[in-house]
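K.L.:
Here's a structure for you.
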Amino acid sequence: MRHLISLKEQSADDIREILTLAERIKKMYKKGIPTPHLSGKTLLMFFQKGSTRTRISFEAGMTELGGHAIYLDAAKTQFALADFRDEIRASMRFGDVLMMRLMRVEDVALAASFDQIPVIDGCSEKYHPCQALSDIFTMAEHSNGLENVKKIAWLGIENNVSNTLKLACAKLGIDVALATPEVNDASVDFELNDQTEETGMVRKTLDIKEALHGADYVHTDTWMDVEYFKNGEVRPEFANEYERRRALLMPYQLNAALIRAHASQAGIMHCMPMHVGYEISRDAIDHPNSIIFDQAENRKHVQKAILLWLLEMKIP
Ligand code: CP
3 MRHLISLKEQ SADDIREILT LAERIKKMYK KGIPTPHLSG KTLLMFFQKG
53 STRTRISFEA GMTELGGHAI YLDAAKTQFA LADFRDEIRA SMRFGDVLMM
103 RLMRVEDVAL AASFDQIPVI DGCSEKYHPC QALSDIFTMA EHSNGLENVK
153 KIAWLGIENN VSNTLKLACA KLGIDVALAT PEVNDASVDF ELNDQTEETG
203 MVRKTLDIKE ALHGADYVHT DTWMDVEYFK NGEVRPEFAN EYERRRALLM
253 PYQLNAALIR AHASQAGIMH CMPMHVGYEI SRDAIDHPNS IIFDQAENRK
303 HVQKAILLWL LEMKIP
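For any residue, its number in our numbering is found by taking its place in the sequence shown, counting from 1, and adding 2.
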C-alpha cells in the first residue's frame with residue numbers, strides 16, 4: 003500500500019509520476035474535461051492544526067474528482083476522549099484515503115502502519131510532502147519543464163517545508179542552496195539530512211549572494227511560530243525569542259532589493275501563510291517575478307494527482 007509521509011520513501015520516478023499526473027489532471031480541468039476518477043471514494047481529512055490551502059485544495063480537488071471529503075477537527079471529535087490508536091483505526095474503516103495534519107509525525111506514521119488505507123502527512127513538524135510536490139510542479143510549469151529547473155535557493159529558517167523540498171529537489175537532480183542561520187529544532191530529521199547530503203545537491207551557506215547566484219527560484223517560509231502572537235501582539239513570554247529571531251533573520255528577508263541585487267531572473271515563492279514584513283516584503287509578494295499565487299493554486303492540482311497516485315488510478 004502507498005503512503006505519502008516524508009518523501010524519503012518515494013523514488014525520483016515516483017515523484018516524476020505524480021508531477022506528470024498533476025500536469026494531465028490540470029490540463030483536463032482547464033479544458034473543462036470531467037475527471038470523475040474517484041467517484042464513490044471518500045477522503046478523510048483530520049486536522050489538529052489550522053489550515054487554509056491544504057483543507058481547501060484537498061476538499062475542492064476531491065469534489066472535482068467526483069468523490070467526497072470529510073473534514074474532521076480533532077477538538078470536535080472523540081479523539082480528545084479516547085485512545086488515538088483506536089479512534090484512528092475505526093475512522094479508517096469509513097474512507098479510502100486519510101490525510102492528517104498532526105502535531106507529531108509519529109502519529110501519522112502510526113496510522114500508516116495499520117496499512118488499512120493510504121495515509122498522507124498533510125504537514126507535520128518534520129515534513130510537508132504535498133507542499134514540496136506542488137512547489138516543484140509550479141517551478142517546472144514556469145520553466146517549461148522540470149529539466150529546466152537547475153537551482154533553487156531557500157532563505158531564512160530550515161523547517162518542515164524546506165526538509166521535504168530539499169529532499170525532493172535533491173532526488174530530482176536540482177541544486178539547493180540553503181541560506182539559513184536558524185533551524186527549527188522540531189523539524190530535524192537526521193536520516194532525511196543524510197539522504198539529501200548523499201546526493202551532493204544541497205549546499206548550506208550564510209552568504210546570501212552565493213545562495214542566490216544562478217538560482218531559478220527563491221523560496222522562504224515563516225520565521226515566527228504562531229504561538230508567539232496574540233491578537234496581533236507579541237506575547238510577553240515570547241518577546242525575547244521574537245526579538246532574537248527578528249534580528250538574526252532580517253538580513254535574510256526575501257524582498258525586491260535582494261532580488262534586484264542578486265537574482266533578477268529568479269521566481270519568488272512562498273508556501274503561505276505569509277508574515278509580511280518578516281520573511282517576505284510586500285514588494286516581493288507583488289513583484290513581477292512572484293509566482294506565489296500560482297503556487298497556491300497548484301496545491302489543488304497536485305493534491306488530485308497525489309490521491310490518484312496513492313490509489314494507483316490511471317487516467318487516460
Ligand atoms: N501551505 C500550507 O500548507 O497552507 P495551509 O497551512 O493554509 O494549509
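Ideal Cβ placement from N, Cα and C applies to all residues, glycine included. Remember, it's a predicted structure, so these values are computed and weren't measured experimentally.
Within 8 Å, do at least three Cβ pairs link the region 163 to 176 to the region 188 to 198?
P.N.:
Judged by Cβ distances under 8 Å, the region 188 to 198 makes contact with the region 163 to 176, as three or more pairs qualify.
K.L.:
In or out: PHE48 buried (at least 16 other Cβ within 10 Å) or exposed?
P.N.:
PHE48 comes out buried.
K.L.:
Could you compute how far the alpha carbon of ALA111 sits from the alpha carbon of PHE86?
P.N.:
Cα to Cα, ALA111 sits roughly 12 Å from PHE86.
K.L.:
For LEU46, list the residues DSSP reports as bridge partners.
P.N.:
For LEU46, which the question treats as bridged, DSSP gives the partners ILE72 and LEU100.
K.L.:
In chain order, what residues of the same chain have a beta carbon less than 7 Å from the beta carbon of ALA71, not counting five sequence neighbours either side?
P.N.:
The answer, listed in chain order, is LEU45, MET47, PHE60, GLU61 and MET64.
K.L.:
Are there 16 or more other CB atoms within 10 angstroms of the CB of GLU127, so buried, or fewer, so exposed?
P.N.:
Its Cβ being crowded by 16 or more others within 10 Å, GLU127 is buried.
K.L.:
To the nearest whole angstrom, what separates the beta carbons of LEU256 and THR207, a pair I think is in contact under 8 Å?
P.N.:
Going by Cβ atoms, the distance from LEU256 to THR207 rounds to 16 Å, so no, they are not a contact pair.
K.L.:
Exposed or buried, VAL220, counting other C-beta atoms within 10 Å across all chains shown (16 or more means buried)?
P.N.:
VAL220 comes out buried.
K.L.:
Ligand 1 heavy atoms versus the CB of PRO275: any closer than 7 Å?
P.N.:
Yes, Cβ of PRO275 sits closer than 7 Å to a heavy atom of ligand 1.
K.L.:
Reducing DSSP to helix, strand and coil, say where PHE139 ends up.
P.N.:
Helix.
K.L.:
Less than 8 Å separating the beta-carbons of ARG247 and TRP225?
P.N.:
Yes, the Cβ-Cβ distance between ARG247 and TRP225 is below 8 Å.
K.L.:
For THR300 and GLN80, what's the separation of their Cα atoms in angstroms?
P.N.:
A small correction: the amino acid at residue 300 is Asn; Thr does not occupy that position in the sequence shown. The straight-line gap from Cα to Cα measures roughly 33 Å.
K.L.:
If you scan the region 159 to 247 from start to end, which runs of the alpha helix (DSSP H) of 4 or more residues do you find wholly inside it?
P.N.:
If we require 4 residues or more, the alpha helix (DSSP H) runs fully inside the region 159 to 247 come out as 162 to 173, 192 to 201 and 210 to 214.
K.L.:
Please state if the CB of CYS125 and the CB of ASN162 are separated by a distance shorter than 8 Å.
P.N.:
Yes, the pair counts as a contact, with Cβ atoms nearer than the cut-off.
K.L.:
Select from TYR31, ASN165 and ALA265 the residue whose C-alpha is nearest the C-alpha of ILE7.
P.N.:
Taking only the C-alpha atoms, the option nearest ILE7 is ASN165.
K.L.:
Note down, in chain order, each residue of its chain lying with its Cβ closer than 6 Å to the Cβ of PRO38, except the 5 sequence neighbours on either side.
P.N.:
GLY68.
K.L.:
Any heavy atom of ligand 1 closer than 7 Å to the CB of GLN133?
P.N.:
GLN133 Cβ: within cutoff of ligand 1.
K.L.:
Taking DSSP as the reference, what is the three-state secondary structure of ILE122?
P.N.:
Strand at ILE122.
K.L.:
Would you identify the three-state DSSP class for LYS316, choosing helix, strand or coil?
P.N.:
In the structure shown, LYS316 sits in coil (DSSP, three-state: anything other than H, G, I, E or B).
K.L.:
Does the beta carbon of SER292 fall short of 7 Å from some heavy atom of ligand 1?
P.N.:
Not so, every heavy atom of ligand 1 lies at least 7 Å from the Cβ.
K.L.:
Hey, would you say GLN297 sits closer than 8 Å to THR182, going by beta carbons?
P.N.:
No; because the gap between Cβ atoms is not below 8 Å, this pair is not in contact.
K.L.:
In three-state terms, what does DSSP make of HIS272?
P.N.:
DSSP places HIS272 in strand when its eight states are reduced to three.
K.L.:
Tell me which same chain residues have a C-beta within less than 6 Å of the C-beta of ALA286, skipping the five on either side of it?
P.N.:
Taken in chain order, the residues that qualify are LEU256, ASN257, ALA258 and ILE270.
K.L.:
Within 7 Å: the Cβ of THR166 and any heavy atom of ligand 1?
P.N.:
Outside the cutoff, so no.
K.L.:
Among GLU89, ILE119, HIS130 and PRO36, which has the Cα closest to the Cα of ARG106?
P.N.:
Taking only the C-alpha atoms, the option nearest ARG106 is HIS130.
K.L.:
Count the other CB atoms within 10 Å of the CB of ASN233; is the residue buried (16 or more) or exposed (fewer)?
P.N.:
Classification of ASN233: exposed, given that the 10 Å Cβ count is below 16.
K.L.:
Under the criterion of a Cβ to heavy atom distance below 7 Å, does SER189 qualify as lining ligand 1?
P.N.:
Incorrect: SER189 has no Cβ contact closer than 7 Å to ligand 1.
K.L.:
The alpha helix (DSSP H) that contains ILE90, what's its start and end?
P.N.:
Looking at the DSSP string, the run of the alpha helix (DSSP H) that includes ILE90 is 86 to 93.
K.L.:
For the region 5 to 66, list the beta strand (DSSP E) runs that are entirely contained and at least 3 residues long, ordered along the chain.
P.N.:
List check, beta strand (DSSP E) in window: 44 to 49.
K.L.:
Just how far apart, CA to CA, sit GLU143 and SER136?
P.N.:
Cα-Cα distance, rounded: 10 Å.
K.L.:
Who are the near neighbours of PHE116 in its chain, counting only those whose CB is closer than 8 Å to its CB and skipping five residues on each side?
P.N.:
Answer for PHE116: ILE90, ARG91 and MET94, listed in chain order.
K.L.:
Ignore the nearest five residues each way along the sequence and tell me which others in PRO253's own chain have a CB closer than 6 Å to its CB.
P.N.:
Nothing listed; no residue qualifies.
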